[in-house]
Each structure stands twice: as C-alpha cells, then as structure tokens.
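Chemist: Can you keep this structure in mind? I'll have questions shortly.
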Amino acid sequence: MNRKQNFKWNNLSLGVCYYPEHWDRNLWQDDLRRMKENGIHTVRVGEFAWSIFEQEEGEFSFELFDSFLNLAEQEEIKVIFGTPTAIPPVWLTEKYPEVLNCRKDGVLFRHGMRRHFNYNSETLHRLASRVVHQVAEHYAKRPCIIGWQIDNELNCEINEYYSESDNLAFRKFLIEKYKTLDALNEAWGTVFWNQTYNDWNQVFVPRTTINDMVNPHLKLDFIRFISESAIRYCRMQSDILRLYVKEGDFITTNGMFSNLDNHKMQDTCLDVYTYDSYPNFAYCMKENPRQNRTLNDRKWSRNLMEVRSICPHFGIMEQQSGANGWNTLSDAPAPKPGQMMLWTMQSIMHGADYVSFFRWRTATKGTEMYWHGILDYDNCDNRKLREVKKIYNRVKNIEEIVGAEYVASVGLVRDYDNIFDTQLDIWHGRIADSSEMEIFVASQLKHTPMDSVYIRENTQAEELKKYKVLIYPHAEILTEKTVGVLEDYVHQGGCLIIGARTGQKDRNGQCVMKQMPGILAPLTQSEVKEFTLIGPDDDDVFMNWSGKQVETGVFNDILSINGEEAKVLANYDGNYYVGRPALIETKVGEGKVLHFGGTFTRKNVEVFLEYTGVLEPFSDLIKASKECEIAVRSKNGKRYLFALNFAKTSQEIGLNRSVTDMDTKEIVKGTVVLAPYETKVYRLEEEL
Numbered sequence: 160m161n162r163k164q165n166f167k168w169n170n171l172s173l174g175v176c177y178y179p180e181h182w183d184r185n186l187w188q189d190d191l192r193r194m195k196e197n198g199i200h201t202v203r204v205g206e207f208a209w210s211i212f213e214q215e216e217g218e219f220s221f222e223l224f225d226s227f228l229n230l231a232e233q234e235e236i237k238v239i240f241g242t243p244t245a246i247p248p249v250w251l252t253e254k255y256p257e258v259l260n261c262r263k264d265g266v267l268f269r270h271g272m273r274r275h276f277n278y279n280s281e282t283l284h285r286l287a288s289r290v291v292h293q294v295a296e297h298y299a300k301r302p303c304i305i306g307w308q309i310d311n312e313l314n315c316e317i318n319e320y321y322s323e324s325d326n327l328a329f330r331k332f333l334i335e336k337y338k339t340l341d342a343l344n345e346a347w348g349t350v351f352w353n354q355t356y357n358d359w360n361q362v363f364v365p366r367t368t369i370n371d372m373v374n375p376h377l378k379l380d381f382i383r384f385i386s387e388s389a390i391r392y393c394r395m396q397s398d399i400l401r402l403y404v405k406e407g408d409f410i411t412t413n414g415m416f417s418n419l420d421n422h423k424m425q426d427t428c429l430d431v432y433t434y435d436s437y438p439n440f441a442y443c444m445k446e447n448p449r450q451n452r453t454l455n456d457r458k459w460s461r462n463l464m465e466v467r468s469i470c471p472h473f474g475i476m477e478q479q480s481g482a483n484g485w486n487t488l489s490d491a492p493a494p495k496p497g498q499m500m501l502w503t504m505q506s507i508m509h510g511a512d513y514v515s516f517f518r519w520r521t522a523t524k525g526t527e528m529y530w531h532g533i534l535d536y537d538n539c540d541n542r543k544l545r546e547v548k549k550i551y552n553r554v555k556n557i558e559e560i561v562g563a564e565y566v567a568s569v570g571l572v573r574d575y576d577n578i579f580d581t582q583l584d585i586w587h588g589r590i591a592d593s594s595e596m597e598i599f600v601a602s603q604l605k606h607t608p609m610d611s612v613y614i615r616e617n618t619q620a621e622e623l624k625k626y627k628v629l630i631y632p633h634a635e636i637l638t639e640k641t642v643g644v645l646e647d648y649v650h651q652g653g654c655l656i657i658g659a660r661t662g663q664k665d666r667n668g669q670c671v672m673k674q675m676p677g678i679l680a681p682l683t684q685s686e687v688k689e690f691t692l693i694g695p696d697d698d699d700v701f702m703n704w705s706g707k708q709v710e711t712g713v714f715n716d717i718l719s720i721n722g723e724e725a726k727v728l729a730n731y732d733g734n735y736y737v738g739r740p741a742l743i744e745t746k747v748g749e750g751k752v753l754h755f756g757g758t759f760t761r762k763n764v765e766v767f768l769e770y771t772g773v774l775e776p777f778s779d780l781i782k783a784s785k786e787c788e789i790a791v792r793s794k795n796g797k798r799y800l801f802a803l804n805f806a807k808t809s810q811e812i813g814l815n816r817s818v819t820d821m822d823t824k825e826i827v828k829g830t831v832v833l834a835p836y837e838t839k840v841y842r843l844e845e846e847l
C-alpha cells in the first residue's frame, strides 16, 4: 500500500516504441506520419542508444536524435526519452571490465548481450551519470518531450550479481545493517556448519559451493541487497533527471522483475510506473504449444494486478503487437485478429491510462528480429496496423474512463520478505507460488475482482479497510509491525484468511521456537500441533465443512484451538490426522480470522469466497461464462463495466440492468453475444 504517484495521464492515449537509430533517415518522416494517421501520438526512443551519443569516451554527439526530434515536433508527435544506459558500449566494457557482471564462479559476462553490467561499479555510476547528464541537459527542454524512462527493464535477463564491486558493496550494506560481526553471525545462524565470520573480509556474495547451496539467511540478505543496489542505480538517474526536466514531464521506468522492491523504487525514484505487457508468452513454443494452459493469455491479468498495486494509474510502455521471440530464446504465434484489441483493453481494464505498443516495425537484424512489431519487415500497411487504428477509435469512445479506480473487495496480501524467501526456500516456494496462482485463477473464473495488497513498513490498517477479505496465504516471515496492522484490520471489521506455515520464521528467515502461527497466535487463538507435506503415495486429503468435501492442498498443518473466541469449522477426513482440526474461525472485535491448515486450490478458494460473502460481487449486474473476464472501474459516481472474451469461440453475457454501450452509445440489457476475442465496455449511471 502507500502507493505514491506524482503523475497521472489526463486522457487515454496510444504510443509506440521506435528506434530511429535502426532505420534509414528517409523512413523517419513517413513513419511518424503513418503513426499519426493510425492514432499513435507518442513514441519512446533512446534507451539503447549510448553508443550513438558517446561513440568514444567523452566525445558526445546529439545530431541523430536532434534530427529525429525536429521531425517529431514538426509532425506533432510526443516523445518519451529513455536514458541510454541499458547497454554500455563496447569501448566502455573493454576499457573498464570492472563494470561487468559475472557468474557465481567469477567468469565475466562479456559484451554482446544486454544488461551485462553490475549496479555497484563506481566506474559505471560515473560514466552512466555523465551520459544521463549530457542527454538530459541537451533534450529536457524540447517541447515534444513529455516524459523520461530510466534505463530499460531493471533486473531483466539477469537478477543476481557476483562481481568484485558487488562483494565490496555487499559488505558495506551488511556493516550498515548489522554494525558488528556478532550481530551478523547471529542473524545468519553461522554457528551451523562452521560458517562463523571473524573478519568482514571473509564475507562475500554467494559463491560456488557443493550442490550450489548457500546459507539461506545470507541469501535472503543478498536478495535484499540486490534490490537496494538496483534502486540506488535508478535513483542516481532520477536525481539527475530532476535537475533538468521541465514542469509537467514525468519520470518512469518499465517492466516488473524479481529481486527488486518495485514499490520502493516507485516511491523513491519515479512519478509513475510503466509495465511491459506480453500476454502471448502464454503460447511460447518452448513448452508444448498445444497443451492446455489455465487462463492462457488471460493469466497476464495477474501481472497487471501486481502493477496496479505499485501504481494505481499506470502506463504500458510495451504492449504486445506481434509474435514474440529472440532468435535464440523463444518463439510464439502471431496475435490473432482481435487479440491486440483484447490485450489493450485488458491493460486498460486493470488501470492503464497509457498504452504504447512494441514496436513500430520489426527489426531486420539482431537478436530481436523475431520480436515482431506492428509493421513487418516489408514496411507495408497490414492487419495489425488496421487493428491499431480500431484501437485508437475505441480508446476515444471510452476516454472518460481515464483516472477511474479498479473496484475490488478482496485482496491477495503479499510482502517482499516473503516473496524473496520463496525464491530460496523450496518448501515455502512450492506452496506459496502454487497457492497464489490458484487464488488468482479462482477469482478469475468466479468473476471476483481482486487486488494485490502489499504490506510494507509504513502500511496502516486504514488503508486495508476497503477490502472485506484479505487472503495472506503463507506468510512464513512475520514481523511485529505486520501483525499489528493485521490486528487493527480485523478489529475494525475485516476478515483475514491465512494458510499453512504462517508465522514459521523471523525476518532473518530463521525458524522461531514457537508453535505456528508464531506471533500471530494471539490474534488467531489457534496453534499448529503437527504438519506434513502430502507425499506422492498419500491420498488427497479433504476437510468436512458444512457437509462439503473441501480440498486441503499439498501441505497440511494440524490445528488446535487456543482461545475462547475460536471454533473449529472443519476437520480433516484423511491421513493419520483424520478428525483433527483443519480450519478454525476466531471472531476478533468487529471482524474475524480464518486459520486454514492447508494450501489453496481454486476449488477451496471458491468455498472461502462464498463463505465470506464476496463471491461474484457483480452477479446482480452481469452473468458471464468463465471464458470472460469481468471488472469494474469507478470514477465520479459512475461505474464502467468491462467484459472481455478471451476465448476463440463466441460467448454470451447476460446484462441484468440497462447500461450504456460506450462504443455505440446505445442502452442495452439482456443477452449479448461476444465474438471471439471481443471486448465490451459499458457505463452505469448509478452507483452499484
């Protein structure tokens, strides 16, 4: 929560990623005119152009982009300018190899890919800050520029760093955090397996070991360190840009990658967040292309839900417009007719107020020559360009939606301590990743819009009151601050649902010597007496709940009541703990806690949503098949209903109230047939 957003778009608009340095200059003006004719009024440029600006160390040239921006201003095209630091040029990496990242065994990642540098090289900081100063000072006052993108996709390609610069910075990070080696040894449990340190110079980033195992508490701090390093690098560029950008222009970055506290980066570095949306990853051929995949491209809505938690009114910097693939990485089919519209409306439905397609024309050379854009190699007008024009006309019809809030009464609770822990703890990762996806899938198939809700250091219970139900599935790491926020939320009338393994660890990732749910037990008035994974030879275990057989997942905590307000709602019906409590409900203040001993599946999530009264909140307004995604955005007393058909077959929806079709302006009610990949947006004049 505590989402900071200093910039909001005042109209829905479309853009495209463009690389003038890739193309003959004779194409530029025609490209810009064709963009404008088809509804594209903004381009992103520059993020990979360091060697264009600085072909040799200290020798800067701005002629190419000067010429391009002159044409952009002539054609009334707006520009988002990228700081050109995503790929340091070869002269830099050859002269200063200390800027390179490396494998855990010390082998350097050489020039030829991208993002091959490390964040902690002071040489890189010096040279990157210099080029950012030069570019920002030269271009910031240009009237066509409306915003700046920092670098490109931080922590993409690689998200771990093992260079000597990282070793030195990691030690500094740890000294600032722990002050003494005694404190570090205690936090990392170094008494185990003779790991005790008696000199700071003995402490390194993770190194190659037998079976590639590493102290889990060290690794947890290492991931936190990576996040801080990336944010420091981003903030360095943000601070420079703020010296030059003109009033009203925004600073952003793009993507959302792991080992990075994206919320903190938004709060400390950015004005608005933008994301790169590629739903067609669902069909990448590196897996069996014909196997059944739950939700397919619709699953990308989970990522959009995450982005919305960072920045409620975000932008899409790269929206898929063609088949995706590097020549060495992945391949996927082209978007079918209507899917570009579908994916654009998917982004807008979840909170995007700006959508920029990747890319204008497919590269004819290089690693991304199969990462297709709107235009193909032949540069001819095509089906995709015609679909962009349709999207533009569609966006004009629904433009009043800009700034509307996504409506959800259920929150999936997350925090970065537990996210980072799932990446190094096989038990935690196995159950948490599966449960979170199952919770999302259930919410989608049962048309129950959901938010991702992050608990952070400054989160207050007041921010959580908008949610009737919060599901915090497997928070193994708990802090007193988090528990206090949850207690306040429940006392004020909220319903909290927790699952197996909750409260097992402290913030260092060490298991606490308390019965789970640890420091949350006074709130839940329950205890875990025993626990087990469900093994491959075990039968599935269910619980008997109000006459229903309900799944309990792949891990079971055997529960016990420990308080007067707690009561057993369901008992296990199998395995050696048959008849023992599986689900306990405790009333606290105006609210309640449900302590579930299992992991979450789409079927048991449906039961939880129904029991807590939040299932299908818009059922009195619309009925839809599970192939459709339903959501509502709200603004100024009006509600905007989205219905998106992700299926390749027609689907019926039933409108139970009269609503206004925002494309035709007609009042409609009753049965509406959505063609394959068709989307509808309706306006309700009254509050729901």
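To convert, count from 1 in the sequence shown and add 159; that's our numbering. All C-beta atoms, glycine included, are put in the ideal place defined by N, C-alpha and C. This one's a predicted model, so the numbers in the text were calculated from it and none came from an experiment.
(1) Below 8 Å on the Cβ atoms is my guess for residue 433 versus residue 390; work out the distance and round it to an integer in Å.
(2) If we count the other Cβ atoms within 10 Å of its Cβ and call it buried at 16 or more, is residue 450 buried or exposed?
(3) Under 8 Å, with one C-beta from each stretch per pair, do the region 411-430 and the region 304-318 reach the 3-pair mark?
(4) Go ahead and label residue 603 buried or exposed: buried means 16 or more other beta carbons lie within 10 angstroms of its beta carbon, across all protein chains shown.
(5) Going by the CB atoms, is the gap between residue 680 and residue 704 shorter than 7 Å?
(6) Helix, strand or coil: which one does DSSP assign to residue 853?
(7) Would residue 210 and residue 277 be called neighbours here (beta carbons separated by less than 7 Å)?
(8) Between which two residues does the beta strand (DSSP E) containing residue 307 stretch?
(9) From residue 508 to residue 607, what does the alpha carbon distance come to, in whole angstroms?
(10) Among 637, 201, 216, which one has its Cα closest to the Cα of residue 230?
(11) Just to confirm, are residue 765 and residue 753 a CB contact at a threshold of 7 Å?
(12) Hey, quick one: how far does the alpha helix (DSSP H) through residue 281 stretch, first residue to last?
(13) Quick check on residue 189: buried or exposed, where buried means 16 or more other Cβ atoms within 10 Å of its Cβ?
(14) Which whole-angstrom value is the C-beta distance of residue 644 and residue 678, which I expect to be below 8 Å?
(15) Check whether the region 798-813 and the region 823-838 are in contact - that is, three or more C-beta pairs closer than 8 Å.
(16) Ignore the nearest five residues each way along the sequence and tell me which others in residue 304's own chain have a CB closer than 7 Å to its CB.
(17) By how many angstroms is the C-alpha of residue 761 removed from the C-alpha of residue 591?
(18) Give the straight-line distance between the Cα atoms of residue 502 and residue 457, rounded to the nearest whole angstrom.
(19) Alpha carbon to alpha carbon, how far is residue 555 from residue 563? Give it in angstroms, no decimals.
(20) In angstroms with no decimal places, state the Cα-to-Cα distance between residue 756 and residue 686.
(21) Below 8 Å, how does it come out for the region 539-555 and the region 342-358: are there three or more Cβ pairs, yes or no?
(22) I need the boundaries of the beta strand (DSSP E) containing residue 740, first residue and last residue.
(23) Roughly how far, in whole angstroms, is the beta-carbon of residue 626 from the beta-carbon of residue 657, given that I think they are within contact range, below 8 Å?
(24) So what's residue 768 in DSSP terms, helix, strand or just coil?
(25) Using a Cβ-Cβ cut-off of 6 Å (strictly less than) and excluding sequence neighbours within five positions of residue 628, which residues of its own chain qualify?
(26) According to DSSP, is residue 664 part of a helix, a strand, or is it coil?
(27) Can you tell me where the alpha helix (DSSP H) with residue 427 in it begins and where it stops?
(28) The alpha helix (DSSP H) spanning residue 609 covers which residue range?
(29) State the DSSP-derived secondary structure class of residue 512, mapped to helix, strand or coil.
(30) What first and last residue would you give for the alpha helix (DSSP H) that runs through residue 364?
(31) Just list the residues that DSSP pairs residue 318 with in beta bridges.
(32) At 4 residues or longer, what runs of the alpha helix (DSSP H) sit wholly inside the region 318-396?
(33) What residue does the beta strand (DSSP E) around residue 841 start on, and which one ends it?
(34) Taking only the alpha-carbon atoms, compute the straight-line gap between residue 742 and residue 586 and give it to the nearest angstrom.
(35) Hey, residue 809 and residue 832: beta-carbon distance below 7 Å or not?
(36) Could you check which residue in 177, 524, 471 has the C-alpha nearest to that of residue 512?
Modeler: Looking at the atomic coordinates:
(1) The residue given as residue 433 occupies position 274 in the sequence shown. The residue given as residue 390 occupies position 231 in the sequence shown. The pair is not a contact, with the Cβ atoms about 17 Å apart (cut-off 8 Å).
(2) What you label residue 450 is simply residue 291 of the sequence shown in a count that begins at 1. Summary for residue 450: the model assigns pLDDT 47, below 50, so the residue's position carries little reliability; its value from the coordinates is reported in the next sentence. By the 10 Å Cβ count, residue 450 comes out exposed.
(3) yes
(4) Here residue 603 corresponds to residue number 444 of the sequence shown, with the count starting at 1. Classification for residue 603: buried.
(5) For the purposes of this step, residue 704 is identified with residue 545 of the sequence shown, where counting begins at 1. For the purposes of this step, residue 680 is identified with residue 521 of the sequence shown, where counting begins at 1. Against a cut-off of 7 Å, the Cβ pair of residue 680 and residue 704 comes out as no contact.
(6) Not covered by the structure: residue 853. The range shown for the chain is 160 to 847.
(7) Locating residue 210 in the sequence shown gives position 51, where the first residue counts as 1. Locating residue 277 in the sequence shown gives position 118, where the first residue counts as 1. No, the pair does not count as a contact, with Cβ atoms beyond the cut-off.
(8) As a first step, residue 307 is located in the sequence shown; it is residue number 148 there, counting from the start. 304-308 is the extent of the beta strand (DSSP E) around residue 307.
(9) Working through the sequence shown from its first residue, we reach residue 508 at position 349. Working through the sequence shown from its first residue, we reach residue 607 at position 448. When only Cα atoms are considered, residue 508 and residue 607 end up about 14 Å apart.
(10) Along the sequence shown, read from residue 1 onward, the residue named residue 230 stands at position 71. For the options 637, 201, 216, the alpha carbon positioned closest to that of residue 230 is the one of 201.
(11) Locating residue 765 in the sequence shown gives position 606, counting from the first residue. Locating residue 753 in the sequence shown gives position 594, counting from the first residue. No. Outside cutoff.
(12) The residue given as residue 281 occupies position 122 in the sequence shown. Counting along the chain, the alpha helix (DSSP H) containing residue 281 begins and ends at 281-298.
(13) Residue 189 sits at position 30 when you count from the first residue of the sequence shown. With fewer than 16 other Cβ atoms within 10 Å, it is exposed.
(14) As a first step, residue 644 must be located in the sequence shown, where it is residue number 485. As a first step, residue 678 must be located in the sequence shown, where it is residue number 519. 13 Å between Cβ atoms; not a contact.
(15) The region 798-813, when compared against the region 823-838, does touch it at the 8 Å Cβ threshold.
(16) For the purposes of this step, residue 304 is taken as residue 145 along the sequence shown, with counting starting at 1. So the list reads 238, 240, 298, 408, once near-sequence residues are dropped.
(17) For the purposes of this step, residue 591 is taken as the residue at position 432 of the sequence shown. For the purposes of this step, residue 761 is taken as the residue at position 602 of the sequence shown. Distance between the alpha carbons of residue 591 and residue 761 is about 14 Å.
(18) Counting from one through the sequence shown, the residue named residue 502 turns up at place 343. Counting from one through the sequence shown, the residue named residue 457 turns up at place 298. In a straight line, the C-alpha of residue 502 is about 9 Å away from that of residue 457.
(19) Counting from 1 along the sequence shown, the entry for residue 563 is found at position 404. Counting from 1 along the sequence shown, the entry for residue 555 is found at position 396. Rounded to whole angstroms, the separation of the alpha carbons of residue 555 and residue 563 is 15 Å.
(20) Position 597 of the sequence shown holds residue 756. Position 527 of the sequence shown holds residue 686. So the alpha carbons of these two residues sit roughly 10 Å apart.
(21) With the cut-off at 8 Å, the region 539-555 and the region 342-358 do not touch.
(22) Stepping through the sequence shown from its first residue, residue 740 is reached at position 581. Residues 740-747.
(23) Residue mapping note: residue 626 aligns to position 467 of the sequence shown, counting from 1. Residue mapping note: residue 657 aligns to position 498 of the sequence shown, counting from 1. Wrong, their Cβ atoms sit about 15 Å apart, outside the cutoff.
(24) In the sequence shown, counting from the first residue as 1, residue 768 sits at position 609. The answer is helix: DSSP assigns residue 768 an H, G or I state.
(25) On the sequence shown, position 469 is the one that residue 628 refers to. Here the set comprises 569, 654, 771, 773.
(26) As a first step, residue 664 must be located in the sequence shown, where it is residue number 505. When secondary structure is reduced to three states using DSSP, residue 664 falls in the strand class.
(27) The count along the sequence shown starts at 1 and reaches residue 427 at position 268. Element bounds for residue 427: 421-428.
(28) Position 450 of the sequence shown, counted from the first residue, corresponds to residue 609. Looking at the DSSP string, residue 609 is not in any alpha helix (DSSP H); the run it does join, the beta strand (DSSP E), is 609-613.
(29) Stepping through the sequence shown from its first residue, residue 512 is reached at position 353. Residue 512: coil per DSSP, three-state reduction.
(30) On the sequence shown, residue 364 is found 205 positions in, with the first residue counted as 1. Neither: residue 364 is in no alpha helix (DSSP H) and is coded neither H nor E.
(31) The sequence position of residue 318 within the sequence shown is 159, counting from 1. According to DSSP, which records beta bridges pairwise, residue 318 is partnered with nothing at all.
(32) 323-337, 340-347
(33) Here residue 841 refers to the residue found at position 682 when the sequence shown is read from its first residue. Taken as a continuous stretch (DSSP letters only), the beta strand (DSSP E) holding residue 841 covers 838-843.
(34) What you label residue 742 is simply residue 583 of the sequence shown in a count that begins at 1. What you label residue 586 is simply residue 427 of the sequence shown in a count that begins at 1. C-alpha separation (whole angstroms): 21 Å.
(35) Taking the sequence shown and counting its residues from 1, one reaches residue 809 at position 650. Taking the sequence shown and counting its residues from 1, one reaches residue 832 at position 673. The answer is yes: Cβ separation under 7 Å.
(36) Translated into the one-based positions of the sequence shown, residue 512 becomes position 353. Answer by Cα proximity: 471.
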